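Just below is one structure, and these are the notes that go with it.
Residue numbers (the UniProt record's numbering): 1 to 553.
Structure (structure tokens):
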């Protein structure tokens with residue numbers, strides 16, 4: 001089987017937006033045959049082929065470097081083993097010996113599949129290898145997890161992408177040891193931690209959480225750490241919205257003992273090194289380029305982060321065989337598009353996304369189904385419905401509403417056809433976080449197609465909605481916000497722009513209730529009170545004014 005080009009970017013949740021500033025999300029039940037039937041539709045196939053071709057062209061410059069990494073993994077691991085032996089001592093050396101043996105098995109198992117393109121891959125390696133040697137003579141060096149590496153020209157994000165506060169790749173010299181500490185020796189005992197197929201119910205899990213500087217990622221990582229799991233974060237910390245709040249989240253996580261590597265998922269080498277330092281039992285992919293309206297302005301950023309980034313992460317994950325982690329990722333309620341059947345069920349057709357953002361999330365679900373079918377990866381997609389709460393995203397409508405109400409500025413409330421009210425299934429962050437963690441705890445182990453697993457049942461590809469199940473009109477939402485802020489809003493009702501927003505969302509969570517024990521507990525009144533309590537304390541006396549002055553794209 002020809003290897004899928006390894007592509008690059010970030011990834012993460014969101015939802016059907018309101019004027020591009022309402023994020024959403026959700027989850028669903030096992031896709032089963034119904035989902036596979038949808039995949040076979042000409043529309044789905046055409047859409048995936050179009051997106052895949054675009055991503056391949058967009059990321060073609062990176063594919064040769066990734067083939068180089070795969071074909072010469074043996075040599076690189078030997079070097080890394082020697083360096084880590086000096087840095088960490090015998091324990092790290094033993095771990096890398098185990099990983100080295102495992103990767104030898106990977107390469108052997110992949111030989112037949114890669115035979116057809118092996119010649120072109122090797123030629124690509126030789127070209128890139130000589131180019132790298134030439135650049136090492138005078139190129140500018142960067143540190144990756146404490147190791148020096150040449151930064152190749154043109155490897156950074158394009159000018160159309162949101163800027164990051166760090167150079168690619170970004171990692172401090174102490175990152176390797178901090179990652180090892182975050183795993184808390186998770187790699188030191190193969191019997192206890194490395195084999196996710198024999199993991200006990202009460203045994204701490206080892207998580208890679210992408211998007212830890214983001215809203216949902218921060219809250220979920222915090223709760224995982226509080227219950228005793230091992231957590232390592234990854235986030236590019238771009239400037240899609242002001243970085244002050246992202247830095248505040250990372251600061252709190254750092255205090256809790258969660259180290260975040262600041263790097264783009266474009267950086268395959270950093271990803272591979274992280275996996276070499278920790279044998280992750282779970283990959284929780286919550287990073288993404290969010291926002292519905294911004295997608296119409298900057299589509300490249302969405303394909304780069306949400307589609308290419310997802311493929312990049314999955315490619316690294318499947319190379320961990322026989323210890324492929326479970327993968328749980330944030331999809332979005334936006335995949336339902338202009339669906340008129342309510343409430344939205346996981347078995348509903350999702351072949352007509354209304355925005356480019358929704359199309360990238362639907363693409364992720366299709367790709368996830370493929371990795372599940374081919375590689376036996378246990379994958380769960382979670383469709384979030386308009387998540388709100390403390391430390392939320394400044395680009396979300398409720399956040400900008402609060403900013404303008406406090407400042408005495410008008411707020412724009414979008415209306416549907418004929419002046420109809422828009423409605424959203426607003427879901428409080430703690431309810432979403434509980435649903436995410438429950439999906440992790442109930443995920444089956446991944447199984448790698450091999451002689452040992454022949455005849456074993458493949459883990460299910462699961463999809464779940466995570467919503468509140470009680471849609472609220474935007475006008476009623478604003479009234480509740482006014483009550484807790486103690487100030488009346490200046491309302492302006494305007495027609496909803498044609499940027500991909502939908503008139504309403506409504507989650508059917510019966511599948512999540514049945515399989516995950518999910519039950520939304522927090523009412524809108526209680527949730528907005530908690531948000532306002534945080535908001536007024538965080539922005540007291542003019543502090544953090546950058547976030548308050550932010551105008552969503």
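Note that beta-carbon positions come from the ideal geometry of N, C-alpha and C, so glycine has one too.
Keep in mind the model is a prediction, meaning the values are calculated, not measured.
Sub-8 Å separation of residue 218 and residue 367 beta-carbons: Taking 8 Å as the cut-off, the beta carbon of residue 218 is found no closer than this to the beta carbon of residue 367.
Test item: CB-CB of residue 552 and residue 430 under 8 Å: Residue 430 is positioned such that its CB atom lies no closer than 8 Å to that of residue 552.
Between the CA atoms of residue 321 and residue 490 - distance to the nearest angstrom: 57 Å
Spatial neighbours of residue 481 in its chain, beta-carbon cut-off 8 Å, leaving aside the 5 residues before and after: 398, 401, 402, 405, 489, 528, 532
Inter-residue CB distance, residue 372 and residue 275 (contact presumed, cutoff 8 Å): About 19 Å separates the beta carbon of residue 372 from that of residue 275, a gap too long to meet the 8 Å contact definition.
Of the listed residues 182, 458, 334, 526, nearest to residue 293 (C-alpha basis): That would be 334, whose Cα lies nearest to the Cα of residue 293.
Bridge partner(s) assigned by DSSP for residue 280: Beta-bridge pairing links residue 280 to no other residue.
Reference residue 439, options 244, 266, 465, 516, closest by Cα: 516
Span of the beta strand (DSSP E), counted from its first residue to its last, around residue 330: 326-330
Residue 466, buried or exposed, once every other Cβ within 10 Å from all chains shown has been counted against 16: buried
Uninterrupted beta strand (DSSP E) stretches inside the segment 362-389 (no shorter than 3 residues): 379-384
8 Å Cβ cutoff met for residue 383 and residue 332: For residue 383 and residue 332, yes; Cβs fall inside 8 Å.
Alpha-carbon spacing of residue 148 relative to residue 260, whole angstroms: In this prediction, residue 148 has a pLDDT of 43, which is less than 50 and means its spatial position is unreliable; nothing more can be read from the coordinates.
DSSP three-state assignment for residue 407, whether helix, strand or coil: Assigned with DSSP and collapsed to three states, residue 407 falls in helix.
Residue 340: CB within 7 Å of a non-hydrogen atom of the ligand FAD: Among the components modelled here there is no ligand, and therefore nothing to report on the ligand FAD.
Proximity of residue 505 and residue 424 at Cβ, strictly below 8 Å: yes
Where residue 256 falls, given that 16 or more other Cβ within 10 Å makes a residue buried: Classification for residue 256: exposed.
Opposing strand residues paired with residue 260 [DSSP bridges]: 233
Cβ neighbour criterion (16 or more within 10 Å) applied to residue 355: buried
Residue 235 vs residue 207 beta-carbon contact at 8 Å: no
Alpha-carbon to alpha-carbon, residue 412 and residue 547: 19 Å
Residue 526, buried or exposed, once every other Cβ within 10 Å from all chains shown has been counted against 16: Counting Cβ neighbours within 10 Å, residue 526 comes out exposed, since fewer than 16 surround it.
Own chain residues within Cβ distance below 7 Å of residue 472, not counting five before or after: So the list reads 423, 424, 426, 524, once near-sequence residues are dropped.
Contact under 8 Å by Cβ, residue 375 with residue 324: yes
Close Cβ partners of residue 254 (< 6 Å) along its chain, the five nearest in sequence each way excluded: none
According to DSSP, residues forming a beta bridge with residue 491: BP columns for residue 491 point to 411.
Pairwise C-alpha distance: residue 534 and residue 317: 37 Å
Cutoff 8 Å; reference residue 348; Cβ partners in own chain excluding five residues on either side: 336, 339, 341
Local Cβ density within 10 Å of residue 486, reported as buried at 16 or more and exposed below that: exposed
Backbone CA spacing between residue 159 and residue 328 [nearest angstrom]: Residue confidence for residue 159 is low, a pLDDT of 41 falling below 50, so the modelled location carries little weight and cannot support an answer.
DSSP three-state assignment for residue 323, whether helix, strand or coil: Residue state, collapsed to three classes: coil.
Through-space distance from residue 418 to residue 250, alpha-carbon basis: 44 Å
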